[in-house]
Amino acid sequence: MKTRVTEILGIEHPVICGGMTGVGTVDMTVAVSEAGGLGLLTALTCGSVEQMKKDIEEIRRKTSKPFGVNLTILPAIQPPDYEGYAQAIIDAGIKIVETAGNNPKKWVTLFKKSRIG
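Here is the structure:
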């Protein structure tokens with residue numbers, strides 16, 4: 011099925027697996043991408059910036075199809091290293107990023123400067 015979404019994202023079917031805490035893993039991302047949709051790795055499910063980097067590498071070993079990363083930004087007394095996650099996404103050359111949880115203006119600006127989106 012060809013749509014504007016499939017053409018923009020380079021996928022076969024207009025199906026995007028949104029970021030899902032706890033299940034947006036390497037295996038889910040690969041399965042969705044291999045099925046022709048857009049798989050999204052959920053950054054915070056990785057547990058750390060370093061693990062997310064490893065997970066991105068593993069996804070690339072398992073599929074050559076498009077995938078992206080979800081960065082959920084939630085208010086917290088001790089927030090995760092959002093800056094570290096964002097920079098690792100940029101450094102990994104990820105071209106599709108989904109944000110959730112809060113106003114993404116700061117992150118969208120950063121990602122656009124890095125030619126994402």
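So the number in my numbering is just where the residue sits in the sequence shown, counting from 1, plus 10.
All C-beta atoms, glycine included, are put in the ideal place defined by N, C-alpha and C.
1) How would you write the range of the beta strand (DSSP E) that residue 49 sits in, first residue to last?
2) Assess contact between the region 46-58 and the region 69-83, defined as three or more Cβ pairs (one per stretch) separated by less than 8 Å. Is contact present?
3) Please state whether the Cβ-Cβ distance between residue 54 and residue 90 is less than 8 Å.
4) Consult DSSP for residue 33 and reduce its assignment to one of helix, strand or coil.
5) Around the C-beta of residue 108, are 16 or more other C-beta atoms found within 10 angstroms, so that it is buried, or is it exposed?
6) So residue 119 is in the alpha helix (DSSP H); what residue range does that whole segment cover?
7) Quick check on the burial criterion: 16 or more other C-beta atoms within 10 angstroms. Buried or exposed for residue 28?
8) In angstroms, rounded to a whole number, what distance separates the CA positions of residue 83 and residue 60?
9) Under a three-way DSSP split, which group does residue 22 fall into?
10) Among 125, 117, 31 and 56, which has the Cα closest to the Cα of residue 104?
11) From 23, 25, 18 and 65, pick the residue whose C-alpha is nearest to that of residue 36; which is it?
This is what the structure holds:
1) Start at 1 with the first residue of the sequence shown, and residue 49 comes out as number 39. Residues 49-52.
2) yes
3) Position 44 of the sequence shown, counted from the start, is the residue given in the question as residue 54. Position 80 of the sequence shown, counted from the start, is the residue given in the question as residue 90. For residue 54 and residue 90, yes; Cβs fall inside 8 Å.
4) Against the sequence shown, residue 33 aligns to sequence position 23. DSSP places residue 33 in coil when its eight states are reduced to three.
5) Residue 108 sits at position 98 when you count from the first residue of the sequence shown. By the neighbour-count rule (16 or more Cβ atoms within 10 Å), residue 108 is buried.
6) Your numbering for residue 119 matches position 109 in the sequence shown. Its alpha helix (DSSP H) spans residues 115-123.
7) As a working mapping, residue 28 is identified with position 18 in the sequence shown. The residue is exposed, with fewer than 16 neighbouring Cβ atoms inside 10 Å.
8) Within the sequence shown, residue 83 is the residue found at index 73, counting from 1. Within the sequence shown, residue 60 is the residue found at index 50, counting from 1. Cα to Cα, residue 83 sits roughly 18 Å from residue 60.
9) By one-based count along the sequence shown, residue 22 stands at place 12. Of the three classes helix, strand and coil, the one that applies to residue 22 here is coil, per DSSP.
10) The residue labelled residue 104 in the question sits at position 94 within the sequence shown. The option with the nearest alpha carbon to residue 104 is 125.
11) Locating residue 36 in the sequence shown gives position 26, where the first residue counts as 1. Considering only alpha carbons, the answer is 65.
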